[in-house]
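> Quick one: structure below, then a few questions.
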Amino acid sequence: MSNSVAVLGGTGFIGRALAEELVQGGRQVLVVARREPEVPVPGRFRAFDLVAGTAADLAELLREEQVTAVVNAAGGMWGLTDEQMVDANVTMVQRVLDAIALLPEPVRFVQLGSVHEYGLAPIGTVQAEGDEPQPVMAYGRLKVRATDLVQTAAKGGAQAVALRVGNVVGAGQPGHSLLGVMAAKLAAAEAAGETAALTLAPLTAQRDFVDLDDVVDAVVVALDATDVDWAATPVLNVGRGEGVSARQMVELLIAASGVPVEITEDPGPAGAGPETDWQCLDVTLVRRVLGWEARRSLAESVAALWKAEGSRNG
């Protein structure tokens, strides 16, 4: 078991939840981010710029803290320039891998990748780790580059794995996401004692949504796994293995909130046809290698999201 874990990006959506779970499990947790957040993080905090700092400086920090594993939950795309996106999603990963290579003892590295690395596939098909990535957005292309770095490190003998994670849903949902926006509107209506007026596009796009706590569980299992040939399995999908429409997720959220709503249907752009592709992860390999599978329902996921939204506004 990795007893001392550094969580990069531990101030964010997934990273904070992971750090909390690790602390509750009795581990030493070091949260690393550029700036200390206003809301205290679980475990200890060290400020370090993972882009501007050198690999040697990061290695020294990890050595001082006696870190035995590193999880990279940092990265992103919202509000970033093209250069900042490269730094956040690629440069940072290379820096961490270089730092780990300088340490005297092996340190496990778990990279949180993304379903967006695959792009879209015809409805009814699944996307497996061996499929050729065909990302349709810049973020996905950058995450592919990061995963390639992890694969190279693993094949060179490092204990490194990239978890390609589906669309995560749970407590602390980012406000810029569809469900985050809808939750804020529902919470505002509830606070005002009003009916929520929601304008909904068809939202027929189908994606592989997965519970935040299930993702955290997958990371913990990856940290603790023994007798795994990481060189042979450096990439693992983490999802539910099913495509669900965004509209269905919004309807689950409305039901969880109990807030009365008045929905105006927006037909969408003229000429828009039915969806012909989706995202759905093949989770066969992660089940075999790590013994992990998603356990929570999506109804539970949006219920946790809504409960946290209420706490934030309460």
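Sequential numbering from -14 applies to the sequence shown in the working numbering.
Think of the CB as a built atom: it goes at the ideal place given N, C-alpha and C, for glycine as much as any other residue.
Computed from a predicted model, the values in this text were never measured in an experiment.
1) Can you tell me whether DSSP reads V166 as helix, strand or coil?
2) Closer than 6 Å by C-beta to L171: which residues in its own chain qualify, once you throw out the five before and the five after it? Chain order, please.
3) Comparing the C-beta of P245 with each C-beta of chain C, is any distance below 8 Å?
4) Measuring alpha carbon to alpha carbon, tell me which of G(-3), G(-6), V(-10) ends up nearest G301.
5) With DSSP collapsed to three states, give me the class of V303.
6) Identify the continuous alpha helix (DSSP H) that holds R93 and give its terminal residues.
7) Counting Cβ pairs, one atom from each stretch, are 3 or more of them under 8 Å apart for the segment 189 to 201 and the segment -11 to 4?
8) Whole angstroms are fine: how far does the CA of E175 sit from the CA of R80?
9) Under the three-state reduction of DSSP, which class applies to W291: helix, strand or coil?
10) For the ligand COA, I want to know if A84 counts as a neighbour, meaning its beta carbon is within less than 7 Å of at least one of the ligand's heavy atoms.
11) Sorted by chain position, which residues of the same chain lie with C-beta nearer than 7 Å to L237's C-beta, five sequence neighbours on each side aside?
12) Return yes when the Cβ of A73 is within less than 8 Å of the Cβ of G61, no when it is not.
13) For Q72, write down the residues that DSSP places opposite it in a beta bridge.
14) Taking 8 Å as the cut-off, decide whether the C-beta atoms of L148 and L221 are in contact.
15) What separation, rounded to the nearest whole angstrom, lies between the Cα atoms of V205 and I248?
16) What residues match up with Q112 in a beta bridge as DSSP calls it?
17) Out of R130, R48, A41, point me to the one whose CA is closest to G98's CA.
18) Starting from L221 and walking both ways along the beta strand (DSSP E), at which residues does that stretch end?
19) Excluding the five sequence neighbours on either side, which residues of its own chain have a C-beta within less than 7 Å of the C-beta of E21, listed in chain order?
20) Mapping the DSSP letters down to three states, classify A59 as helix, strand or coil.
21) Quick one: measure Cβ to Cβ for V146 and V95, integer angstroms, because I've assumed they're closer than 8 Å.
22) Report yes or no: do the segment 109 to 124 and the segment 80 to 91 share at least 3 C-beta pairs separated by less than 8 Å?
23) Would you kindly report the start and end of the unbroken alpha helix (DSSP H) that includes L105?
24) Which residue spans inside the segment 181 to 213 form an unbroken beta strand (DSSP E) run of at least 3?
25) In its own chain, which residues sit with a C-beta less than 7 Å from the C-beta of R19, not counting the 5 before and 5 after it?
26) Which same chain residues, not among the five before or five after A289, have their C-beta less than 6 Å away from its C-beta?
27) Comparing alpha-carbon positions, which option in A143, A240, G228 lies nearest L266?
28) Who are the Cβ neighbours of K128 in its own chain at under 7 Å, not counting the five residues just before and after it?
29) Please classify E319: is it buried, with 16 or more other beta-carbons within 10 angstroms of its beta-carbon, or exposed?
30) Flag this pair as yes or no: are the beta carbons of A203 and W277 separated by less than 8 Å?
31) Taking the Cβ atom as the reference point for each residue, do A139 and R225 lie within a distance shorter than 8 Å?
32) So, with DSSP's three-state summary, where would you put R20?
Checking against the coordinates, here is how it stands:
1) helix
2) Closer than 6 Å at Cβ, skipping near neighbours: A181, S242, V244.
3) This model lacks chain C altogether, as it is built from one protein chain only.
4) The first residue shown for the chain is -14 and the last is 299, placing residue 301 beyond what the model contains.
5) Since the first residue of the chain shown is -14 and the last is 299, residue 303 is not available in this structure.
6) No alpha helix (DSSP H) holds R93; the beta strand (DSSP E) holding it covers 93 to 99.
7) yes
8) 46 Å
9) helix
10) Questions concerning the ligand COA fall outside what the structure shown contains, since it holds no ligand whatsoever.
11) L283, A284, V287
12) yes
13) The question names Gln, yet the displayed sequence has Asp at residue 72. Under DSSP, no beta-bridge partner is assigned to D72.
14) Yes; because the gap between Cβ atoms is below 8 Å, this pair is in contact.
15) 40 Å
16) L266
17) R130
18) 220 to 223
19) F30, A32
20) coil
21) Sure, about 6 Å apart at Cβ, within 8 Å.
22) Contact fails between the segment 109 to 124 and the segment 80 to 91, because fewer than three Cβ pairs, one in each stretch, are under 8 Å apart.
23) Careful: L105 lies outside any alpha helix (DSSP H) and carries neither H nor E.
24) 181 to 185, 194 to 196
25) Closer than 7 Å at Cβ, skipping near neighbours: A32, D34.
26) Beyond the five residues adjoining it in sequence on each side, A289 comes within less than 6 Å, by CB distance, of G155, A156 in the same chain, given in chain order.
27) Selected option, being the one with the closest Cα: G228.
28) Spatial neighbours of K128 in its own chain (CB-CB distance under 7 Å, excluding positions within 5 residues in sequence) are listed in chain order as N74, G98, S99, H101, E102.
29) Outside the displayed span of the chain (-14 to 299) sits residue 319, for which this structure offers no information.
30) yes
31) In this structure, R225 does not lie closer than 8 Å to A139 by Cβ.
32) coil
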